[in-house]
Amino acid sequence: MPVVVGTFTRSEKYYYETVIFEVEGTLYSVLKQWFTKWSQSVFCDMFSLPQGSKDTKACEGGTDNNPIRLTGCSKGEFESLLELMNPSEGPRIPKFSKEKWVGVLKLGRLWDMPKPASLAIETLGTFNLSAIEKVQLGRTYGVPTWLKDGYISLVRDFSHQTTFQELATLGFETCSQILWAREELRDSVSSVGLRDLESNKTWIEKNKLCCAYCWKHFSVFRNIKENTTVCSYCTQKFSVWPTVVDKAYGLLGVEGPVSQWLHEPEKSLIIDSEIVGSLVARTFREELEDAERRDALAPA
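Be aware that the sequence shown starts at 791, since it is given in our numbering, and climbs by one per residue.
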């Protein structure tokens, strides 16, 4: 029912209520509707709690002297969330830094806000997250794809691009598991006759090698066949380096001429990505299952 004040009736659609929050000593007077719209439970439940007074200004969040105190977040994180809710430059997704999007993801998970959380996950995926960052963010905020991808990258990192000090930031137990999994993978790779594990190159499946000329000029993927020097589709000789087509890496060039990859298997660094994925799934099973469970429980 519409609320009548004196001789006036408040619009049911365009009469906005405000609420005053306090974060780290700073007061924010914002539309209550933002929080009831974006949060599926936390703020809806908060605002539905019975108040002792019918005077809205006497209620918590009604005045500067009686704000709702929000804990567990910083001013910067809260302001990033407000900017996302009400962009200052019009109705579009703000161009935040990586750190700001992490703050949005944190509050999205903390306050049951599925849209901010999903936007943060989607946008952070466009940043060049390191393997360490993927593991840290994945297990902190329940993002199983980041967690698994991060572990896969760390386990297959025989070139030691990630230092021991960086690994140690994940905790002693996790660091030990990664080093153990590397040795398991090293033994597995050695057993099938592959060499040169210490060189700084990417491991890929052999059937992911495609003709770079076909991709560049025709936008098609034509697999390079063993013991051939000419592409059966474009008839070009394999004088250029091949293109790798792999969902874990996208499109990228690989080091060395094609002959190294096809005709010198003792120098190849080709491994089925399922081997690494399976090893990671076994080694970090409980942690991955926990991330999957938390992600499933998050509001959709």
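Glycine included, every Cβ here is placed at the ideal spot set by N, Cα and C.
| Item | Value |
| --- | --- |
| Can the beta-carbon of Leu821 be found closer than 7 Å to that of Tyr806? | yes |
| What residue does the beta strand (DSSP E) around Val809 start on, and which one ends it? | Thr808 to Val813 |
| Could you check what DSSP says for Val1070 in three-state terms: helix, strand or coil? | helix |
| Can you tell me whether DSSP reads Val1010 as helix, strand or coil? | coil |
| Using DSSP's beta-bridge definition, name the partner residues of Val892. | DSSP lists no partner for Val892. |
| In this structure, does DSSP put Arg899 in helix, strand or coil? | helix |
| Give me the residue from Thr853, Thr799, Ala907 and Leu839 with the minimum Cα distance to Tyr818. | Thr853 |
| Give the range of the beta strand (DSSP E) segment to which Thr816 is assigned. | Thr816 to Leu821 |
| Check whether the Cβ atoms of Pro934 and Ala1081 lie closer than 7 Å to each other. | yes |
| Three Cβ pairs or more, each shorter than 8 Å: is that satisfied between the region 909-928 and the region 884-894? | yes |
| How would you call Val1020, buried or exposed, if buried means at least 16 neighbouring beta carbons within 10 angstroms? | exposed |
| Nearest CA to the CA of Leu887: which residue from Phe962, Leu871 and Trp901? | Reading off the sequence shown, one finds Ser at residue 887, where the question assumed Leu. When only C-alpha atoms are compared, the closest one is Leu871. |
| Is DSSP giving Thr826 helix, strand or coil here? | helix |
| Helix or strand or just coil, what does DSSP make of Arg859? | strand |
| Quick check on the DSSP output: what are the complete alpha helix (DSSP H) runs of length 4 or more inside the region 939-974, in order along the chain? | 954-958 |
| When burial is assigned at 16 or more other CB atoms within 10 Å of the CB, is Ser864 buried or exposed? | exposed |
| Would you say Ile942 lies against chain B (beta-carbon separation less than 7 Å)? | Looking for chain B here will not work: only one protein chain is present. |
| For the region 1070-1079 against the region 929-948, do three or more pairs of beta-carbon atoms, one drawn from each stretch, fall closer than 8 Å, so that the two count as touching? | yes |
| Quick one: give me the first and last residue of the alpha helix (DSSP H) that Thr930 is part of. | Ala921 to Tyr931 |
| Report the rounded CA-to-CA distance for Asp902 versus Glu867, giving the unit in angstroms. | 15 Å |
| Can you give me the start and stop residues for the alpha helix (DSSP H) that Asp1085 sits inside? | Arg1075 to Leu1087 |
| Within its chain, find whatever has a CB closer than 7 Å to the CB of Leu1078; leave out the 5 residues flanking it on each side and keep chain order. | Pro934, Leu937, Lys938 and Ala1071 |
| Can you name, in chain order, every residue of its own chain whose Cβ lies under 6 Å from the Cβ of Glu956, other than the five neighbours on each side? | Ile922 |
| Could you check the C-alpha separation between Arg972 and Phe811 for me, to the nearest Å? | 49 Å |
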